[in-house]
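K.L.:
Sharing a structure with you now.
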Amino acid sequence: MAKAKKTGDTVSSRLALVMKSGKVTMGTKSTFKTLRSGKAKLILIAGNCPPLRKSELEYYAMLAKTPVHHFSGNNVCLPPPIP
7 MAKAKKTGDT VSSRLALVMK SGKVTMGTKS TFKTLRSGKA KLILIAGNCP
57 PLRKSELEYY AMLAKTPVHH FSGNNVCLPP PIP
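Following the working numbering, the numbering of the sequence shown begins with 7 at its first residue and continues without gaps.
The following block contains the structure:
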């Protein structure tokens with residue numbers, strides 16, 4: 007159990023670093039646009055994402071050959087975007 011908690015913490019801390027760099031896209035519309043343009047490096051899907059939206063994101067990611075990570079927490083647990 008402790009290992010899963012540690013993994014969640016490292017994902018959150020690494021995501022905070024990525025957000026600080028400014029190279030992040032949040033939201034479904036902008037994520038679909040980034041996937042279609044081929045610029046996405048990783049797709050992070052929150053645990054409370056609706057099933058239909060999740061399958062659409064996975065399908066587009068498969069077409070773009072982009073890895074998908076299923077975040078166990080909900081979207082509130084993700085760090086907020088830095089302006």
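Glycine included, C-beta positions come from ideal geometry on N, C-alpha and C.
Quick check: the segment 68-78 against the segment 39-51, are at least 3 beta-carbon pairs closer than 8 Å?
P.N.:
yes
K.L.:
Going by other Cβ atoms of all chains shown within 10 Å of its Cβ, with 16 needed for buried, is residue 63 buried or exposed?
P.N.:
buried
K.L.:
Return the chain-ordered list of same chain residues with a C-beta closer than 8 Å to the C-beta of residue 37, the five sequence neighbours on each side being excluded.
P.N.:
These residues qualify, in order along the chain: 31, 46, 49, 63.
K.L.:
Pick out whichever of 34, 80, 22, 84 has its Cα sitting closest to the Cα of residue 58.
P.N.:
34
K.L.:
Go through its chain and collect everything with a Cβ distance to residue 76's Cβ below 6 Å, but skip five positions before and after it.
P.N.:
51
K.L.:
How is residue 19 classed by DSSP in three states: helix, strand or coil?
P.N.:
helix
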